[in-house]
DNA sequence: CGGAAATTTGAGAAACATCAAAGTAGGTGG
DNA sequence: CCACCTACTTTGATGTTTCTCAAATTTCCG
């Protein structure tokens with residue numbers, strides 16, 4: 001249980017066995033079947049979730065019912081409605097499982113306790129958020145400055161595993177366009193080669 | 001010198017006078033005239049910059065010479081090419097002054113030393129990056145899911161001071177559209193009221 | 001195998017970009 | 001303080017890109 005999480009903390013954040021035993025008491029395991037919700041818009045987000053196995057997505061829904069995917073999370077990634085988690089406000093995002101998944105949940109109390117007790121935990125969190133910030137910045141730059149073909153090729157080369165594992169309409173949603181348009185973008189790319 | 005920076009650290013991050021004296025030795029003040037560069041694409045980004053006074057922008061430039069504004073920074077904000085700062089790679093962004101500005105620079109060495117010496121500094125940095133991440137996430141969600149009119153009105157209500165102090169074409173660049181299109185968006189909004 | 005979900009294709013509409021030109025505002029030197 | 005120059009904004013005409021709606025095809029799963 002929590003194997004990948006512990007492995008990550010050990011190798012990427014320099015935790016030792018003693019630290020990990022402290023952390024273990026603060027974690028909650030959870031399994032989710034495909035299409036099950038982890039978080040629904042409007043509920044407070046009580047956990048930061050580490051993906052041990054499987055694939056989740058976070059998305060928002062507008063008045064017309066259209067979905068906009070904000071983030072995917074593969075094995076080893078964190079996912080949350082961070083604003084809701086930190087403030088206690090109702091979540092604006094919905095999170096559900098794209099595949100059957102196994103998760104490690106960190107509650108708000110656990111998070112604060114770990115921040116207080118383990119400086120290495122804060123350092124790890126800081127580095128994770130920094131990486132997430134940089135990834136978002138790249139994504140935003142791509143949206144603003146690249147053509148659709150460039151963006152799709154950038155996405156497939158950066159995240160080939162996501163492309164393999166999610167339906168195409170979800171990638172279209174992630175890119176902010178319709179499934180029809182993405183289909184045509186892909187056609188153009190293959191015709192070009 | 002560094003007044004706003006110290007004020008911020010005192011009120012938002014719980015620093016005391018003794019901490020601040022430690023920090024003072026690591027800071028560099030700098031003044032920049034309007035249009036002067038703080039960082040040029042290709043150079044390594046050696047500083048995180050805190051804006052004491054004035055207004056900066058960070059932007060990238062594509063092959064055709066078009067500019068895409070990634071970020072504005074008003075008084076009290078931080079700005080940097082964070083990826084370059086952390087890795088030492090050449091910067092992909094250019095940063096310059098939109099107005100005459102006064103800055104407080106934190107070098108890479110200073111940053112690492114402060115992270116090591118002052119836990120409060122790490123906490124402050126973590127919270128700043130978290131806020132920046134959440135702001136980027138909001139911005140990306142807006143780009144993907146809102147109409148141009150909604151996005152422009154969202155921007156003006158969130159950052160009325162930037163709208164006042166920056167030429168309109170820079171806001172168009174920030175939003176990823178042409179000045180002509182933004183002009184027409186504004187026209188539609190005023191006609192509607 | 002059958003049905004539902006996903007992808008592709010097509011045609012027409014809407015949104016946005018481009019190019020060109022006119023109008024406006026701000027700042028600087030005379 | 002005015003005149004002028006430059007930078008910025010607006011307007012117009014046209015072209016391209018993307019969306020929408022509809023239908024045909026393919027893929028996946030029970």
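Protein chains in written order, with the UniProt record's numbering: chain P, 1 to 193; chain E, 1 to 193. No residue lacks a Cβ here, since even glycine has one placed at the ideal position from N, Cα and C. Values in this document were obtained by computation on a predicted structure and should not be read as measured data.
| Item | Value |
| --- | --- |
| Within the same chain, show all residues whose beta-carbon is closer than 7 Å to that of residue 76 (chain E), passing over the 5 residues directly before and after it, in chain order. | 4, 8 and 51 |
| Hey, is residue 143 (chain P)'s beta-carbon within less than 7 Å of any beta-carbon in chain E? | yes |
| Alpha carbon to alpha carbon, what distance is there between residue 107 (chain E) and residue 174 (chain E)? | 27 Å |
| List the residues of chain P whose Cβ lies closer than 8 Å to the Cβ of residue 176 (chain E), in chain order. | 143, 144 and 145 |
| Measure the C-alpha to C-alpha separation of residue 84 (chain P) and residue 69 (chain P) and round it to an integer number of angstroms. | 17 Å |
| Would you mind sorting residue 152 (chain E) into buried or exposed? The rule is 16 or more other CB atoms within 10 Å of its CB. | buried |
| Can you pull the chain E neighbours of residue 91 (chain P), defined as C-beta to C-beta under 9 Å? | Per Cβ cutoff of 9 Å: no residues; residue 91 (chain P) is ~13 Å from chain E at best. |
| If you scan the segment 110-188 of chain E from start to end, which runs of the alpha helix (DSSP H) of 4 or more residues do you find wholly inside it? | 119-145, 148-158, 160-165 and 168-175 |
| Using CA coordinates, which residue listed in P:162, P:146 and P:164 is at the minimum distance from residue 64 (chain E)? | P:146 |
| Roughly how many angstroms separate the alpha carbons of residue 43 (chain E) and residue 30 (chain E), rounded to a whole number? | 18 Å |
| What are the partner residues of residue 12 (chain P), as DSSP defines its beta bridges? | For residue 12 (chain P), which the question treats as bridged, DSSP gives no partner whatsoever. |
| Which runs of the beta strand (DSSP E) fall wholly inside the UniProt domain "Cyclic nucleotide-binding" (11-115) of chain P and span at least 3 residues, in chain order? | 27-32, 37-39, 47-53, 56-61, 67-73, 94-97 and 101-107 |
| Please list the partners that residue 130 (chain E) has in chain P, where partner means a Cβ-to-Cβ separation under 8 Å. | 82, 86 and 129 |
| Assign residue 136 (chain P) to one of two classes, buried (16 or more other C-beta atoms within 10 Å of its C-beta) or exposed (fewer than that). | buried |
| Does DSSP put residue 7 (chain E) in a helix, a strand or coil? | helix |
| Taking residue 181 (chain P) as the reference, give the member of P:112, P:148 and P:97 with the closest Cα. | P:148 |
| Please return the same chain residues whose Cβ sits closer than 6 Å to the Cβ of residue 110 (chain P), not counting the five positions on each side in sequence. | 26 |
| Do we get a CB-CB distance below 7 Å when we pair residue 126 (chain E) with the residues of chain P? | yes |
| Is it right to say residue 94 (chain P) is buried, meaning 16 or more other beta carbons lie within 10 angstroms of its own, or is it exposed? | buried |
| Using a Cβ distance threshold of 8 Å, determine whether the segment 121-135 of chain E contacts the segment 56-63 of chain E, with at least three qualifying pairs required. | no |
| Going along the chain, which residues of the segment 48-64 of chain E sit with their C-beta nearer than 8 Å to a C-beta in chain P? | 60 and 62 |
| Leaving out the 5 sequence neighbours to the left and right, which residues in its chain are closer than 7 Å to residue 53 (chain E) when beta-carbon positions are compared? | 75, 101 and 102 |
| Quick check on this structure: which residue in P:48, P:104, P:140 and P:139 has the alpha carbon closest to the alpha carbon of residue 91 (chain P)? | P:48 |
| Would you say residue 37 (chain E) lies against chain P (beta-carbon separation less than 7 Å)? | no |
| In chain E, which residues lie with their C-beta within 7 Å of the C-beta of residue 152 (chain P)? | Those do not exist, as residue 152 (chain P) stays about 15 Å from chain E at its closest Cβ, beyond 7 Å. |
| Let me see if you follow: with CB-CB separation under 7 Å, is residue 68 (chain E) close to chain P or not? | yes |
| Which residues in chain P have a C-beta closer than 7 Å to the C-beta of residue 116 (chain E)? List them in chain order. | Within chain P, no residue comes near residue 116 (chain E); the closest Cβ sits about 10 Å away, beyond 7 Å. |
| Just how far apart, CA to CA, sit residue 157 (chain P) and residue 6 (chain P)? | 28 Å |
| Within 10 Å of its beta-carbon, does residue 121 (chain P) have 16 or more other beta-carbons around it, so buried, or fewer, so exposed? | buried |
| Work out the CA separation of residue 15 (chain E) and residue 45 (chain P) for me, nearest whole Å. | 30 Å |
| Is it the case that the Cβ atoms of residue 96 (chain E) and residue 37 (chain E) are separated by a distance below 7 Å? | yes |
| Between residue 159 (chain P) and chain E, is any beta-carbon pair separated by less than 7 Å? | no |
| Can you list, in chain order, the residues of its chain whose CB lies under 7 Å from that of residue 178 (chain P), leaving out five sequence neighbours each side? | 172 |
| Can you check whether the CB of residue 118 (chain E) is closer than 7 Å to the CB of residue 19 (chain E)? | yes |
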